[in-house]
Amino acid sequence: YFQFVQQWPVTNCRVRIKKPCSNPRPLQYFTIHGLWPSNYSNPTEPSNCNGTKFDDRKVYPHMRSKLRISWPDVESGNDTNFWEREWNKHGTCSERTLNQFQYFERSYEMWRSHNITEILKNASIVPHPTQTWTYSDIVSPIKAATKRTPLLRCKYDKNTQLLHEVVF
Numbered sequence: 113y114f115q116f117v118q119q120w121p122v123t124n125c126r127v128r129i130k131k132p133c134s135n136p137r138p139l140q141y142f143t144i145h146g147l148w149p150s151n152y153s154n155p156t157e158p159s160n161c162n163g164t165k166f167d168d169r170k171v172y173p174h175m176r177s178k179l180r181i182s183w184p185d186v187e188s189g190n191d192t193n194f195w196e197r198e199w200n201k202h203g204t205c206s207e208r209t210l211n212q213f214q215y216f217e218r219s220y221e222m223w224r225s226h227n228i229t230e231i232l233k234n235a236s237i238v239p240h241p242t243q244t245w246t247y248s249d250i251v252s253p254i255k256a257a258t259k260r261t262p263l264l265r266c267k268y269d270k271n272t273q274l275l276h277e278v279v280f
């Protein structure tokens with residue numbers, strides 16, 4: 113199966129230890145972290161397969177403009193390097209199902225059809241300095257809108273859990 117992972121850039125940048133994000137105002141919408149081939153015995157596998165390495169020329173201009181919005185590198189701002197790392201680590205393991213073009217195209221289409229930012233906004237779940245939500249508060253509208261039950265991943269920051277990723 114594939115894990116389709118979207119991240120909340122604000123959390124991603126807030127909890128970075130190594131170095132701060134280069135973009136001082138992180139994007140206020142969920143972006144793609146990746147599309148990861150997985151297996152039930154070890155969901156982190158496979159990775160770094162011996163497939164075709166990333167070819168920048170196959171990210172055509174029309175797709176490139178879509179990916180800059182949906183799949184930006186929120187940490188360093190180097191989108192192409194991020195796409196290359198994700199393809200070489202995860203995409204190469206998906207080649208029996210998706211070639212490089214299809215991998216990025218499918219990811220973009222999933223991002224559009226599973227618009228977590230809009231789904232949560234429609235449920236009045238938006239960033240707030242004091243308001244908090246439970247796990248089920250967040251899962252419920254996503255499940256209702258997508259007919260899928262997502263996995264939520266959170267990060268800790270000073271005794272507070274922050275929503276980091278939504279995984280299908």
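This note's numbering applies: residue 113 is where the sequence shown begins, and numbers increase by one. Glycine is no exception: its CB is placed at the ideal position from the N, C-alpha and C atoms. Quantities reported herein were computed from a predicted structural model and do not represent experimental measurements.
Between the alpha carbons of LYS131 and ASN227, how many angstroms are there, rounded?
Counting from one through the sequence shown, the residue named residue 131 turns up at place 19. Counting from one through the sequence shown, the residue named residue 227 turns up at place 115. Rounded to the nearest angstrom, the two C-alpha atoms are 29 Å apart.
Just to confirm my understanding: we take PHE280, look at its own chain, exclude 5 residues before and 5 after, and list those with CB closer than 6 Å. What are they?
The sequence position of residue 280 within the sequence shown is 168, counting from 1. Closer than 6 Å at Cβ, skipping near neighbours: PHE116, ARG260 and PRO262.
Length of the line joining the Cα atoms of SER219 and GLY146:
Position 107 of the sequence shown, counted from the first residue, corresponds to residue 219. Position 34 of the sequence shown, counted from the first residue, corresponds to residue 146. The alpha-carbon atoms of SER219 and GLY146 are separated by roughly 8 Å.
Distance CB(LYS170)-CB(GLN212) smaller than 7 Å
In the sequence shown, the residue the question calls residue 170 occupies position 58. In the sequence shown, the residue the question calls residue 212 occupies position 100. Taking 7 Å as the Cβ cut-off, LYS170 and GLN212 qualify as a contacting pair.
Would you grab the beta carbon distance between THR229 and PHE166 for me? Rounded to a whole angstrom, and I think it's under 8 Å.
Here residue 229 is taken as the residue at index 117 of the sequence shown, counted from 1. Here residue 166 is taken as the residue at index 54 of the sequence shown, counted from 1. About 27 Å separates the two Cβ atoms, so there is no contact after all.
Ignore the nearest five residues each way along the sequence and tell me which others in SER188's own chain have a CB closer than 6 Å to its CB.
The residue you call residue 188 lines up with position 76 of the sequence shown. Excluding positions up to five away in sequence, the list reads SER134.
From the DSSP output, read off the bridge partner residues of ILE144.
By 1-based counting over the sequence shown, the position of residue 144 is 32. Paired residues: GLN118.
Strand pairing of TYR268, partner residues [DSSP]
Indexing the sequence shown from 1 puts residue 268 at position 156. In the DSSP output, where bridge partners are listed per residue, TYR268 has GLN273.
Distance, GLU207 Cα to SER153 Cα:
To locate residue 153, count along the sequence shown from 1; it is residue 41. To locate residue 207, count along the sequence shown from 1; it is residue 95. If I take the Cα positions, the gap works out to 20 Å.
Backbone CA spacing between ARG176 and THR242 [nearest angstrom]:
On the sequence shown, residue 176 is found 64 positions in, with the first residue counted as 1. On the sequence shown, residue 242 is found 130 positions in, with the first residue counted as 1. If you take the alpha carbons of ARG176 and THR242, they lie about 37 Å apart.
What separation, rounded to the nearest whole angstrom, lies between the Cα atoms of ASP185 and ASN200?
As a first step, residue 185 is located in the sequence shown; it is residue number 73 there, counting from the start. As a first step, residue 200 is located in the sequence shown; it is residue number 88 there, counting from the start. Distance between the alpha carbons of ASP185 and ASN200 is about 15 Å.
Hey, out of CYS266, VAL238 and LYS267, whose CA is closest to PRO253's CA?
The sequence position of residue 253 within the sequence shown is 141, counting from 1. Ranking the options by Cα distance to PRO253, first place goes to VAL238.
Near ILE144, which residues of its chain fall below 7 Å by C-beta distance, leaving aside the five closest residues on each side in sequence?
Start at 1 with the first residue of the sequence shown, and residue 144 comes out as number 32. Result list for ILE144: GLN118, SER182, TRP183, SER219 and TRP223, in chain order.
Pull up the DSSP beta-bridge partners for PRO149, would you.
For the purposes of this step, residue 149 is taken as residue 37 along the sequence shown, with counting starting at 1. In DSSP, PRO149 forms a bridge with PHE114.
Give me, in chain order, the residues of the same chain whose beta-carbon lies closer than 7 Å to that of PRO121; leave out the 5 immediate sequence neighbours on both sides.
One-based indexing of the sequence shown puts residue 121 at position 9. So the qualifying residues of the chain are PRO138, LEU139, THR143 and VAL186.
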